[in-house]
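A.B. asks: Before I ask anything, here is the structure I am working with.
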Amino acid sequence: MIEVMEMGKNTGKKTKLSRRVQDRIIKALSRGSSRKIAYCCAGVAESTFYSWMKKGEDGDGENHVLFRRAVLKAENEHFERMAQIVTDAADESWHAAAWMLERRNRDDFGKYAPPPKVDKLLQVGLVLFDKDEEIKAGALLQISEAPLQLDDGDADADADDEF
Numbered sequence: 028m029i030e031v032m033e034m035g036k037n038t039g040k041k042t043k044l045s046r047r048v049q050d051r052i053i054k055a056l057s058r059g060s061s062r063k064i065a066y067c068c069a070g071v072a073e074s075t076f077y078s079w080m081k082k083g084e085d086g087d088g089e090n091h092v093l094f095r096r097a098v099l100k101a102e103n104e105h106f107e108r109m110a111q112i113v114t115d116a117a118d119e120s121w122h123a124a125a126w127m128l129e130r131r132n133r134d135d136f137g138k139y140a141p142p143p144k145v146d147k148l149l150q151v152g153l154v155l156f157d158k159d160e161e162i163k164a165g166a167l168l169q170i171s172e173a174p175l176q177l178d179d180g181d182a183d184a185d186a187d188d189e190f
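Add 27 to the 1-based position in the sequence shown for this note's numbering, that's all there is to it.
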């Protein structure tokens with residue numbers, strides 16, 4: 028089990044990061060739970076959990092540093108165990124190897140390219156519609172394909188025609 032430090036003693040302020048809370052979070056992460064599930068099961072708010080992690084990253088107190096280290100270690104050890112299971116299975120079945128490659132190297136081995144962003148679609152002029160909108164779009168397309176009439180740049184002559 029990953030060692031965590033007793034928290035909240037002689038710090039002047041009571042903290043929710045008690046030994047019990049730490050143990051609960053680390054145990055859940057060691058079993059493969061997501062961070063969200065781990066901190067929720069321990070009764071900790073998302074902002075509090077990530078505040079502790081940030082303090083640990085910034086070196087703001089030994090307790091937070093040790094907690095962050097324990098969180099990362101639990102996550103990494105779980106990943107190692109799961110990766111080893113898949114690697115061992117790949118000896119018997121190519122499917123396990125393909126699965127790992129698809130997920131760890133998505134750009135090179137993924138089945139599908141990541142979906143393009145909507146703004147990119149709009150940038151290249153692709154618009155998505157339902158059937159009713161498709162009919163309207165066809166009419167708009169015909170209108171937009173009509174040749175444009177440009178003025179000859181003589182603003183004074185046009186001004187007389189408009190009024």
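The beta-carbon is built from N, C-alpha and C at its ideal position, and this holds for glycine as well.
1) Out of H91, L93, S45 and G83, which one is the CA nearest neighbour of G70?
2) On the three-state DSSP scale, how would you describe A69?
3) Whole-angstrom Cβ separation of A101 and S57, contact assumed at under 8 Å?
4) Could you name the residues of the same chain whose beta carbon sits closer than 8 Å to that of W79, not counting the 5 residues immediately before and after it, in chain order?
5) Distance, Cα to Cα, M127 vs S74?
6) Could you name the residues of the same chain whose beta carbon sits closer than 8 Å to that of A125, not counting the 5 residues immediately before and after it, in chain order?
7) If you follow the alpha helix (DSSP H) that D135 is in, where does it begin and where does it stop?
8) Using a Cβ-Cβ cutoff of less than 6 Å, which residues in the same chain neighbour F76 once the five nearest sequence positions on both sides are dropped?
9) Please list the segments of the alpha helix (DSSP H) lying wholly inside the segment 63-117, counting only runs of 4 or more residues, in order along the chain.
10) What does a CB cutoff of less than 8 Å around I64 pick up in its chain, not counting 5 residues either side in sequence?
11) Can you name, in chain order, every residue of its own chain whose Cβ lies under 8 Å from the Cβ of G86, other than the five neighbours on each side?
12) Go ahead and pull the three-state DSSP assignment for L128.
13) Step through the CB atoms of chain B and report whether any lies within less than 9 Å of the CB of M127.
14) For S57, report the span of its alpha helix (DSSP H) as first-last.
C.D. replies: Put simply:
1) For the purposes of this step, residue 70 is taken as the residue at position 43 of the sequence shown. Answer by Cα proximity: S45.
2) Here the question's residue 69 lines up with position 42 in the sequence shown. Looking at A69 - three-state DSSP - the assignment turns out to be coil, as it is neither helix nor strand.
3) For this step, residue 101 is matched to residue 74 along the sequence shown. For this step, residue 57 is matched to residue 30 along the sequence shown. Right, their Cβ atoms sit about 5 Å apart.
4) Taking the first residue of the sequence shown as position 1, residue 79 is located at position 52. So the list reads L44, H91, F94 and R95, once near-sequence residues are dropped.
5) Walking along the sequence shown from the start, residue 127 turns up at place 100. Walking along the sequence shown from the start, residue 74 turns up at place 47. Cα-Cα distance, rounded: 32 Å.
6) Against the sequence shown, residue 125 aligns to sequence position 98. Closer than 8 Å at the Cβ level, and outside the excluded window around A125, lie F136.
7) Sequence index remark: in the sequence shown, residue 135 carries index 108 (1-based). D135 -> alpha helix (DSSP H) spans R133 to F136.
8) The residue you call residue 76 lines up with position 49 of the sequence shown. Y66.
9) Unbroken alpha helix (DSSP H) runs of no fewer than 4 residues, entirely contained in the segment 63-117, are found at 73-85 and 89-117, following chain order.
10) Position 37 of the sequence shown holds residue 64. Excluding sequence neighbours, I64 sits near A55.
11) Reading the sequence shown from its first residue, position 59 is the one you call residue 86. Sequence-distant partners of G86 (beyond 5 residues in either direction) whose C-beta falls short of 8 Å from its own C-beta, in its chain, are V92.
12) As a first step, residue 128 must be located in the sequence shown, where it is residue number 101. In the structure shown, L128 sits in a helix (DSSP, three-state: H, G or I).
13) The structure shown contains no chain B; it holds only a single protein chain.
14) Translated into positions along the sequence shown, residue 57 becomes position 30. S57 -> alpha helix (DSSP H) spans R46 to S57.
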